[in-house]
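Q: Supplied in structure tokens, the structure appears directly below.
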Amino acid sequence: MNLTEKTINRISQDKIVFSLGIKLLLEDEKYNFDELFITLRNYIFNSIPNKTDYNSEAYKNAINTIPLKPTYTPIVILKSYSTKIAFNKLVELPKSENKKTITSLVWIFKITDTERRNTECKNGCGHYWHNTD
Ligand SMILES: [Zn+2]
């Protein structure tokens, strides 16, 4: 697990406050949108049990509670399209939307991964990234 992955998981597990964690990710000197986007997409898709259309109650709840203005383009896209199509559109957005996209994806992962930790992983799991101490 590299430092970025560790930060994402620490945010998800409430070991870093969300806003501070986002700041750490976006202000990292190694910040690279494409890499961070791919990491977050894989994390989110992994955390959703339904591998057919990557939808779940936790996912729906997550996109409805992203702590940004609901009129921001990435959020409108997430609410308007199915998961895979939405993610394909997010990666094509202009650079000015990148930070809003990352903030949205970290929030979604926090919710969907917390759901997974509270269900599938409840009685112990072998996911090394669920152990960030
Ligand atoms: Zn786990």
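Each residue of the sequence shown is one higher than the one before, counting from 744 in the numbering used here.
Cβ coordinates follow ideal geometry from the N, Cα and C atoms, glycine included.
Select from Y824, T826, M744 and K758 the residue whose C-alpha is nearest the C-alpha of T857.
A: When each option's Cα is compared against that of T857, the closest is K758.
Q: Ordered along the chain, which non-local residues of its own chain (more than five positions away) have a Cβ less than 6 angstroms from that of S823?
A: Around S823: no qualifying Cβ.
Q: Counting beta carbon pairs with one atom in the region 773-792 and one in the region 808-815, are three or more of them shorter than 8 angstroms?
A: The region 808-815, when compared against the region 773-792, does not touch it at the 8 angstroms Cβ threshold.
Q: Report the option in G867, I851 and T846 whose CA atom is closest to the CA atom of L767.
A: Of G867, I851 and T846, the residue nearest in Cα terms is T846.
Q: Pairs of beta-carbons, one from the region 833-849 and one from the region 788-799, closer than 8 angstroms: are there three or more?
A: Touching, no.
Q: Given a cut-off of 8 angstroms on the beta-carbon distance, is the pair N752 and T844 in contact?
A: Contact flag unset, no.
Q: H873 by DSSP, collapsed to three states: which one?
A: Residue state, collapsed to three classes: helix.
Q: Quick one: grab the DSSP three-state call for N841.
A: Residue state, collapsed to three classes: helix.
Q: Would you mind reading off the limits of the alpha helix (DSSP H) that contains N752?
A: Run containing N752: L746 to S755, per the alpha helix (DSSP H) assignment.
Q: Could you tell me whether the Cβ atoms of W872 and E772 are closer together than 8 angstroms?
A: Contact: no.
Q: Helix, strand or coil: how does DSSP classify V819 here?
A: Correct three-state label for V819: helix.
Q: Report, in whole angstroms, the separation of the C-beta atoms of F830 and S790, which I expect to be a contact under 8 angstroms.
A: 14 angstroms between Cβ atoms; not a contact.
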